[in-house]
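Working notes, structure below.
Residue numbers (this note's numbering): 1 to 187.
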């Protein structure tokens, strides 16, 4: 009398276990590499976001430079000889003059590259001195370059290009460079 057999044979079970073991070992080797790549990509994206945020901030102030609702004497935009410091002036409260005091409400703002950081100061008329605040955290980001160039072309508004290059302190080989150009209609 024959008994009806159901299920998998021992050989089939062993083959299935071998295939699943190979797949699990492959996945175990692949996942750490994937996690490392994702971490590097996240770090790179965070650095890019930080650089672009600072770049847009500087560019926004450059675009405002020169606005005056009256007669405002002086240079609306001063760029240092090396291009690593700028001072922009605009009539923020539309009172017809560039206010200098109090410094919190002054119509001047400066940006400079100093000791691996991007710094800013409100109410300044010089690139030197004390009282500058760091816009970037030197413990996490090292700014390698900050330059501003102004291009004049007859019959057109000036074009100002801001360049920032930075790297993460713990990964100095991963340098991010960003350029952004704005038109100085009020200059």
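Idealized CB from N, CA, C, for every residue including glycine. Computed from a predicted structure; not experimentally measured.
Contact defined as beta carbons within less than 8 Å: I believe residue i pairs with residue j. What is the distance between those atoms, to the nearest angstrom?
{"i": "residue 161", "j": "residue 186", "result": "In fact, because the Cβ distance is near 17 Å, the residues do not count as touching under 8 Å."}
{"i": "residue 184", "j": "residue 66", "result": "7 Å"}
{"i": "residue 118", "j": "residue 143", "result": "5 Å"}
{"i": "residue 145", "j": "residue 123", "result": "Not quite, the Cβ-Cβ distance comes to about 26 Å (not below 8 Å), so this is no contact."}
{"i": "residue 64", "j": "residue 27", "result": "Between residue 27 and residue 64 the Cβ distance is about 54 Å, and since that is not below 8 Å, they are no contact."}
{"i": "residue 164", "j": "residue 51", "result": "5 Å"}
{"i": "residue 90", "j": "residue 76", "result": "7 Å"}
Look at the alpha carbon of residue i and the alpha carbon of residue j, and state the distance between them as a whole number of angstroms.
{"i": "residue 80", "j": "residue 95", "result": "28 Å"}
{"i": "residue 37", "j": "residue 136", "result": "25 Å"}
{"i": "residue 61", "j": "residue 168", "result": "26 Å"}
{"i": "residue 71", "j": "residue 97", "result": "7 Å"}
{"i": "residue 194", "j": "residue 112", "result": "Given a span of 1 to 187 for the chain in the structure shown, any question on residue 194 remains unanswerable."}
{"i": "residue 99", "j": "residue 139", "result": "35 Å"}
{"i": "residue 131", "j": "residue 30", "result": "51 Å"}
{"i": "residue 147", "j": "residue 181", "result": "12 Å"}
{"i": "residue 120", "j": "residue 55", "result": "13 Å"}
{"i": "residue 12", "j": "residue 18", "result": "10 Å"}
{"i": "residue 69", "j": "residue 34", "result": "57 Å"}
{"i": "residue 6", "j": "residue 40", "result": "52 Å"}
{"i": "residue 57", "j": "residue 32", "result": "38 Å"}
{"i": "residue 14", "j": "residue 42", "result": "42 Å"}
For residue i, which of helix, strand or coil comes out of DSSP?
{"i": "residue 177", "result": "strand"}
{"i": "residue 43", "result": "helix"}
{"i": "residue 53", "result": "helix"}
{"i": "residue 158", "result": "strand"}
{"i": "residue 64", "result": "helix"}
{"i": "residue 7", "result": "coil"}
{"i": "residue 108", "result": "strand"}
{"i": "residue 82", "result": "coil"}
{"i": "residue 37", "result": "helix"}
{"i": "residue 27", "result": "helix"}
{"i": "residue 187", "result": "coil"}
{"i": "residue 94", "result": "coil"}
Whether or not the stretch 123–135 and the stretch 84–103 are in contact is what I'm after, with contact meaning three or more pairs of Cβ atoms, one per stretch, closer than 8 Å; do they touch?
yes
Given 8 Å, three or more beta-carbon pairs between the stretch 27–47 and the stretch 159–178
yes
Enumerated in chain order, which unbroken segments of the beta strand (DSSP E) with a length of 3 residues or greater are wholly contained in the stretch 116–175?
117–122, 141–151 and 158–168
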